[in-house]
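Okay, so here's the structure we're looking at.
In full-length UniProt numbering, the protein residues as written are 1 to 114.
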């Protein structure tokens with residue numbers, strides 16, 4: 001699946017997890033962010049990477065379908081105890097800031113969905 005075809009899937013996923021206030025779904029274009037993409041050694045598209053506090057936790061290598069990615073996100077939420085919104089946690093500032101990023105190689109879009 002190419003980046004153009006994946007964009008709708010990504011936007012729908014971001015909307016479906018919008019209530020998870022400490023998870024930010026981000027889209028980064030490697031055409032404009034070559035240094036970041038080189039740091040992650042990205043060579044194909046699209047690339048999905050789960051980051052916490054700026055550190056890579058895991059790259060997603062499953063199906064690029066909404067159901068497949070939702071399973072991955074739910075597993076990561078459970079694993080990292082991010083299933084409550086930040087406002088519901090007594091010490092939310094000590095919890096990791098989650099960024100689930102989609103890195104692409106074409107076009108001119110850079111966007112974030114919070």
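Don't be surprised by glycine CBs; every beta carbon is placed ideally from N, CA and C.
Integer-rounded CB distance, given that residue j should sit under 8 Å from residue i
i	j	result
residue 30	residue 42	6 Å
residue 13	residue 77	The pair is not a contact, with the Cβ atoms about 13 Å apart (cut-off 8 Å).
residue 66	residue 9	5 Å
Cα-Cα separation between residue i and residue j, rounded to whole angstroms
i	j	result
residue 74	residue 34	30 Å
residue 59	residue 19	23 Å
residue 6	residue 47	11 Å
residue 56	residue 62	17 Å
residue 101	residue 45	12 Å
residue 91	residue 71	Since pLDDT at residue 91 reaches only 43, below the 50 mark, its modelled position is unreliable, and no value is offered.
residue 80	residue 32	31 Å
residue 52	residue 38	19 Å
residue 16	residue 27	16 Å
residue 49	residue 40	9 Å
First and last residue of the uninterrupted beta strand (DSSP E) at residue i
i	result
residue 25	23–29
Boundaries (first-last residue) of the alpha helix (DSSP H) holding residue i
i	result
residue 80	66–80
residue 53	Neither: residue 53 is in no alpha helix (DSSP H) and is coded neither H nor E.
residue 34	34–39
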